[in-house]
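Enquirer:
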Amino acid sequence: SQQGEEDPQALSIQEGENATMNCSYKTSINNLQWYRQNSGRGLVHLILIRSNEREKHSGRLRVTLDTSKKSSSLLITASRAADTASYFCATSGSSGGSNYKLTFGKGTLLTVNP
Amino acid sequence: EPEVTQTPSHQVTQMGQEVILRCVPISNHLYFYWYRQILGQKVEFLVSFYNNEISEKSEIFDDQFSVERPDGSNFTLKIRSTKLEDSAMYFCASISTFPGNTIYFGEGSWLTVV
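These protein sequences, in sequence, are chains A and B.
All residue numbers for the first sequence refer to my numbering, where the first residue is 1 and numbers rise by one.
All residue numbers for the second sequence refer to my numbering, where the first residue is 115 and numbers rise by one.
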């Protein structure tokens, strides 16, 4: 079964610096999504990248996808203290149908120090 | 922006008691999901629901769990006889069509079984 596994597990940076988180998975995917979760809160969708896309931008976020290496990265530029959260990648399979579901990684805990 | 709403936000229950967690998915969405996240662990898929029936369930979703869409707007998760290990954050999610579309998650319902 596919899995998203993020690294690092924890990342601490200073405000203004860039943060890069990586995600690896095991099987073919249809798309890969990144979510953010503030402590004890819900999952907020950040960005979706399809398997035929290599790079996508949304504001300060940049996501890359390398299907040959089965990996993705999330870059947050010019980080802010408010970016402090856990970040998860989640993959969906290529089978489609009504069984569309996401498989989540363990997440990266990002701490941005003011 | 439309959102998935969940109630209650937090529930404490005695072991062995029945619990019903409620969700109102986004109104034009067709596919509904429950996920759970045990504290400090991955978000795990429980069940997907389409066209008034379960389309897929995980091994976690045993006979103690059931889902229902009683009135065309609410989507409920029932745990018949709660166990300590059911303590987790339960997320409801919905999507309009797939693949390639965003799954929207609710804020979650914290369930604490004592």
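C-beta atoms are modelled at their ideal positions from N, C-alpha and C, and glycine is treated no differently.
Only a predicted model underlies this, so the values are computations on that prediction, with no experimental measurement involved.
Would you mind working out which of Phe163(B), Ser208(B), Gln131(B) and Lys197(B) sits nearest Asn142(B), comparing C-alpha positions?
Expert: Ranking Phe163(B), Ser208(B), Gln131(B) and Lys197(B) by Cα distance to Asn142(B) puts Ser208(B) first.
Enquirer: Contact defined as beta carbons within less than 8 Å: I believe Ala85(A) pairs with Leu110(A). What is the distance between those atoms, to the nearest angstrom?
Expert: About 6 Å; that satisfies the 8 Å criterion.
Enquirer: Here's the rule: buried if 16 or more other CB atoms are within 10 angstroms of the residue's CB, otherwise exposed. What is Ser1(A)?
Expert: Residue placement at Ser1(A) cannot be trusted, given a pLDDT of 31 that sits under 50; what the coordinates show is reported in the next sentence. That one is exposed.
Enquirer: Considering only residues of the same chain and omitting the five flanking positions on each side of Gly16(A), which have a CB-CB separation below 7 Å?
Expert: Cβ neighbours of Gly16(A) beyond the five flanking positions: Ala78 and Ser79.
Enquirer: Kindly indicate which three-state DSSP category Asp200(B) falls into: helix, strand or coil?
Expert: Three-state DSSP puts Asp200(B) in a helix.
Enquirer: Tell me whether Asp83(A) sits in a helix, a strand or coil according to DSSP, three-state version.
Expert: Helix at Asp83(A).
Enquirer: How long is the line joining the alpha carbons of His124(B) and Thr226(B), rounded to whole angstroms?
Expert: Each residue's alpha carbon lies about 8 Å from the other.
Enquirer: Flag Tyr100(A) as yes if its beta-carbon sits less than 8 Å from any beta-carbon of chain B, otherwise no.
Expert: Yes, Tyr100(A) lies at the interface with chain B (some Cβ there is under 8 Å from its Cβ).
Enquirer: Rounded to whole angstroms, what is the Cα-Cα separation between Phe179(B) and Ser73(A)?
Expert: For Phe179(B) and Ser73(A), the distance between alpha carbons rounds to 36 Å.
Enquirer: Taking only beta-carbon atoms, is Ala10(A) less than 8 Å away from chain B?
Expert: Closer than 8 Å: no.
Enquirer: Here's the rule: buried if 16 or more other CB atoms are within 10 angstroms of the residue's CB, otherwise exposed. What is Ala19(A)?
Expert: By the 10 Å Cβ count, Ala19(A) comes out buried.
Enquirer: Name, please, each residue of chain A whose Cβ falls closer than 8 Å to the Cβ of Thr121(B).
Expert: Neighbours of Thr121(B) on chain A: none; closest Cβ ~13 Å, over 8 Å.
Enquirer: Who pairs with Asn22(A) in a beta bridge, going by DSSP?
Expert: Asn22(A) is bridged to Asp7(A) and Ser73(A).
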